[in-house]
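So the structure is just underneath, and the comments pick up after that.
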Amino acid sequence: MRAWQSLFMRSHRDDGDAEQLIFNFSGSSIAHNEVKARDSQALWILDDIKLVAPAFGNLWPLPASVSRPSESIDHITRIVGADVDASLLDDAAQFYTLVKDLAWAPSIWADEGEIGFEWIRGDKHAIVSIDGGGSYGYTLLRGEAFEPGAYEDPRVSFLPQDLREYLEVA
340 MRAWQSLFMR
350 SHRDDGDAEQ
360 LIFNFSGSSI
370 AHNEVKARDS
380 QALWILDDIK
390 LVAPAFGNLW
400 PLPASVSRPS
410 ESIDHITRIV
420 GADVDASLLD
430 DAAQFYTLVK
440 DLAWAPSIWA
450 DEGEIGFEWI
460 RGDKHAIVSI
470 DGGGSYGYTL
480 LRGEAFEPGA
490 YEDPRVSFLP
500 QDLREYLEVA
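In the working numbering, the protein residues as written are 340 to 509.
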């Protein structure tokens with residue numbers, strides 16, 4: 340698994356824009372980027388590694404020759420690495436094809452036995468957890484609390500209406 344080993348901080352301003360800083364574990368700032376509120380992706384360059392990420396999401400290393408994430412399994416593999424179970428990658432890639440063209444791009448991360456998709460913008464926050472077996476779980480922030488999605492364990496080939504509607508409004 341290749342996750343960028345750093346801490347990420349956002350600072351929102353009154354004009355809707357945000358300042359983003361990345362800190363390494365020693366606490367020193369290693370990158371800075373100002374993101375306009377309407378931007379959907381940010382391109383960062385750290386130590387000659389290009390990083391493409393949702394403007395208000397996590398950062399993931401990509402090869403220097405990549406300027407835009409590709410689609411499907413290649414994109415997922417670049418983010419989470421090749422050490423993830425093939426069936427889990429297939430499930431994540433199938434789910435990704437359902438959400439890649441929605442209002443904003445998710446942050447994608449991997450943990451042991453799980454690939455997560457996460458959308459955070461304003462007062463919206465959605466999390467999808469794929470753990471293999473062809474289905475997933477999801478939760479949506481409603482007010483101040485997370486609520487489980489309307490469908491229990493939907494198939495990775497299906498995007499429930501409540502999740503689609505939540506993610507279609509930027």
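Glycine included, C-beta positions come from ideal geometry on N, C-alpha and C. Here the structure is a predicted model, which is why all the values come from computation and not from measurement.
Boundaries (first-last residue) of the beta strand (DSSP E) holding A449: Counting along the chain, the beta strand (DSSP E) containing A449 begins and ends at S446 to D450.
S468 - DSSP class collapsed to helix/strand/coil: Correct three-state label for S468: strand.
Assigned secondary structure, S426 (DSSP; H/G/I helix, E/B strand, else coil): DSSP places S426 within a helical segment (H, G or I) once states are collapsed to three.
Option in E486, G473, E483 and I459 with minimal Cα separation from G507: Looking at the sequence itself, residue 507 is Glu, so the reference to Gly does not match. Nearest of E486, G473, E483 and I459 to E507, Cα basis: I459.
Counted within 10 angstroms of its Cβ, other Cβ atoms place S496 as buried (16 or more) or exposed: S496 comes out exposed.
Best match in P445, G461, D470 and A484 for proximity to R494 [C-alpha to C-alpha]: Across the set P445, G461, D470 and A484, the C-alpha of D470 shows the shortest separation from the C-alpha of R494.
Sub-8 Å separation of G455 and V467 beta-carbons: Closer than 8 Å, so yes.
Beta strand (DSSP E) segments (min. 3 residues) lying fully within the segment 456-503: Whole beta strand (DSSP E) segments, 3+ residues: 463-469, 475-481 and 484-487.
CB of Y505 within 8 Å of CB of K463, strictly: In this structure, K463 lies closer than 8 Å to Y505 by Cβ.
Same chain, Cβ closer than 6 Å to D492, five either side skipped, listed in chain order: Cβ within range, chain order: S474.
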